[in-house]
Every structure is written in structure tokens, then in C-alpha cells.
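Numbering (our numbering), first residue to last: 34 to 150.
What follows is a single structure, written as C-alpha cells, with notes after it.
The following block contains the structure:
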């Protein structure tokens, strides 16, 4: 049986892109090394069946959830914004080229207005 998951867990945030880099045994959890590629993938999802059956029915969690506010997010469904990161010897390089933040909102709003400029 699956247990309840926290809304955000560290395991949700980082996943290996290169299956060959996954290790087991003594090497598991050894940390990041140069030339590894990982994806940082924070996300939030508004699944009515899941939220109602797991969180909203449990007073321990439900007391922190404003049901009226939540109702407005069900139609959105959710979002996950990923960054693919190359670990370097002295830091990292973000390999992601997709727009996000203000740049992405500008593109979305341009599309809604029907403008092509």
C-alpha cells in the first residue's frame, strides 16, 4: 500500500537523467560529480481525487488547506518546470533553454491577445 507523500519531497526535486549514472551498493548516495547531468523538477499538482482522498479527508492536513482557494486551482491541473543541470568541476551549467519566469509569461500573454509581435 502506498503511503501518504509530503506535498514536496527532496526525492521529487532531483532525478538522474542518465540511467548509466545511477548506481547501487556502496556508490549509492555518493554525491554529485563533474559531468553528471541531473534535472531539477519542482512541481505542484491539483488532482481533486488525490487531494480529497489523501489530504482533505485527514484533519491533520485539511486544517492547513483553504478549500475555497484550492477550488480555483483544479482547472489548472498543475505545473512542473524543469532545469537540466550539468555538474562541472567548479559549479554547474544550466542546459535548459526553454523560457520561464517573466519571459514565459510574456509569450503566454502574447498568445492570448492574438498578437504575433
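Every residue, glycine too, gets a C-beta built ideally from N, C-alpha and C.
Residue nearest to residue 116 within the set 64, 70, 66 is 70 (criterion: CA-CA distance).
In the displayed model, residue 64 falls within coil according to three-state DSSP, outside both helix and strand.
Membership of residue 126 in the beta strand (DSSP E) is indicated by the continuous run 124-127.
Straight-line measurement puts the Cα of residue 114 at about 30 Å from the Cα of residue 92. In the three-state scheme derived from DSSP, where H, G and I count as helix and E and B as strand, residue 111 is classed as strand.
Ranked by Cα distance from residue 85, the options 68, 103, 74 are led by 103. For a cut-off of 8 Å, the C-beta gap from residue 66 to residue 120 is around 7 Å, short enough to register as a contact. Its Cα nearest to that of residue 73, the residue 128 stands out among 142, 128, 134, 96. A distance of 9 Å or more separates the beta carbons of residue 76 and residue 124.
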